[in-house]
Amino acid sequence: MYLFIALCSVISSGCYAQKSDRPADKKANSETKALYINLKKLAAKHTLFGHQDALAYGVGWRNEEGRSDVKSVSGAYPAVYGWDMGHIELDSLKELDGVPFDQLRQFVKEAYSRGGINTFSWHTTNPIDHKSAWDTTQLIVKQIIPGGAKHELYKAYLDKVAAFLGSLKTDDGKAIPVIFRPFHEHTGTWFWWCENVSTVDEFKSMWHFTFDYLTKTKGLHNLLFSYSAADFATKEKYEERYPGDDYVDMLGFDIYCFEDLKGYQTKLDRQLSILQEVAIAHNKIPALTETGYERVPNSTWWTETLMPVLAKYNMAYVLVWRNDRPAHHYAPYPGQQSADDFKKFYADPKIIFQDKLTPLSIYKSK
């Protein structure tokens with residue numbers, strides 16, 4: 001009860017968010033505005049836990065109503081639900097990991113109905129040869145920005161994205177707020193939008209056009225835009241491709257743990273420190289947008305590797321990647337060796353799962 005009262009106090013207090021705070025989209029609907037403001041307030045004291053494709057499948061199961069590996073272990077759903085729109089641009093019935101888009105709409109509604117938060121990445125295929133997001137054999141970005149040879153094709157891609165995002169509504173027709181995280185990990189070298197195959201100005205132009213097209217041309221006002229990098233060693237590097245305060249709501253980065261646990265902690269600590277500094281300077285919401293340790297082979301990874309670093313910073317959320325199969329999962333499932341430690345992580349007062357988020361009514365203005 002004390003924790004619930006404390007959480008409500010954080011949400012209702014205005015001391016963690018400036019009165020001028022508003023989403024980048026000046027016409028954002030009331031619930032999207034409330035999500036932005038309340039998430040920023042909450043981040044001052046707590047971090048939400050998120051999981052990719054949490055409701056769609058897990059280790060050893062798929063398409064089971066109400067099921068979630070995170071809930072099976074901790075007793076609660078994640079507070080943040082990660083999804084992807086890859087292949088929507090191809091008119092596919094399923095996204096790139098096999099979840100039907102019709103089913104995805106229902107998952108988004110389900111998460112929202114519990115007071116959870118939905119965030120979408122977009123592993124969009126290469127618009128030139130349609131192979132994959134990982135095809136970096138051509139210079140794509142300069143061809144899809146205004147004036148480029150494939151600009152009209154990119155607009156057609158965005159039309160399909162807009163149609164899907166615009167279809168995310170409640171039964172009574174109310175638009176569901178979504179965190180949209182396009183062109184993620186752009187400081188890497190593995191996607192067609194990364195820094196090795198685009199200039200700084202080209203990347204910014206692509207972002208600006210995408211933002212304006214979705215919000216102004218297509219009239220979507222339920223989106224918060226998240227700028228999410230991969231590796232960076234300095235503040236200057238992180239900000240190099242930053243599109244500007246009028247085009248971004250959230251800041252983050254993706255980082256994964258491998259066998260060198262200390263090395264992961266050191267790098268995570270350095271990048272979180274930079275991220276928090278940049279977020280304060282730009283008055284944006286920081287989050288650890290992707291992380292995890294594949295198969296979580298360390299039994300105390302949650303409380304002894306991740307949490308000691310995460311606890312030092314004011315991140316809105318931390319999201320681990322998907323649970324696809326025994327050899328490829330990032331959250332525990334019943335019987336998995338880190339499951340007991342994950343329960344301790346769940347119980348940490350700083351961390352919020354769905355059960356503690358629901359009473360806070362994060363989509364309501366306080």
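Number 140 in UniProt numbering belongs to position 140 of the sequence shown; there are no gaps in the numbering.
From the three backbone atoms N, C-alpha and C, an ideal C-beta is built for every residue, glycine too.
Under the three-state reduction of DSSP output, GLY252 falls in the strand class. A Cβ-Cβ contact shorter than 7 Å links TYR293 with CYS257.
In chain order, LYS160 place their CB closer than 8 Å to the CB of ASP91, counting only its own chain and leaving out the 5 sequence neighbours on each side. In the same chain as LYS284, and ignoring 5 residues on each side of it, the C-beta atoms closer than 7 Å to its own belong to VAL248, ASP249, MET250 and LEU251, in chain order. Where ALA281 is concerned, the enclosing alpha helix (DSSP H) starts and stops at 261-282. In this structure, DSSP gives GLN52 an extended state, which the three-state scheme calls strand. Between GLY166 and LEU93, the CB-CB gap reaches or exceeds 7 Å. Residue environment for HIS328: exposed (fewer than 16 other C-beta atoms within 10 angstroms of its C-beta).
Checking the DSSP bridge columns, you'll see THR47 partnered with ILE351. Judged by DSSP in its simplified three-state form, TYR346 adopts helix. Judged by DSSP secondary structure, ALA287 falls within the beta strand (DSSP E) whose first and last residues are 285-291. Collapsing the DSSP output to three states places SER30 in a helix.
Residue range 178-181 is occupied by the beta strand (DSSP E) that includes VAL178, with no alpha helix (DSSP H) assigned at that position. For THR137 and LYS150, the gap between their C-alpha atoms comes out near 16 Å. Along the length of the stretch 151-225, whole beta strand (DSSP E) runs at least 3 residues long occupy 178-181, reported in chain order.
Judged by DSSP in its simplified three-state form, TRP302 adopts helix.
As far as DSSP is concerned, SER113 takes part in no beta bridge.
With 16 or more other Cβ atoms inside 10 Å of its own Cβ, VAL99 counts as buried.
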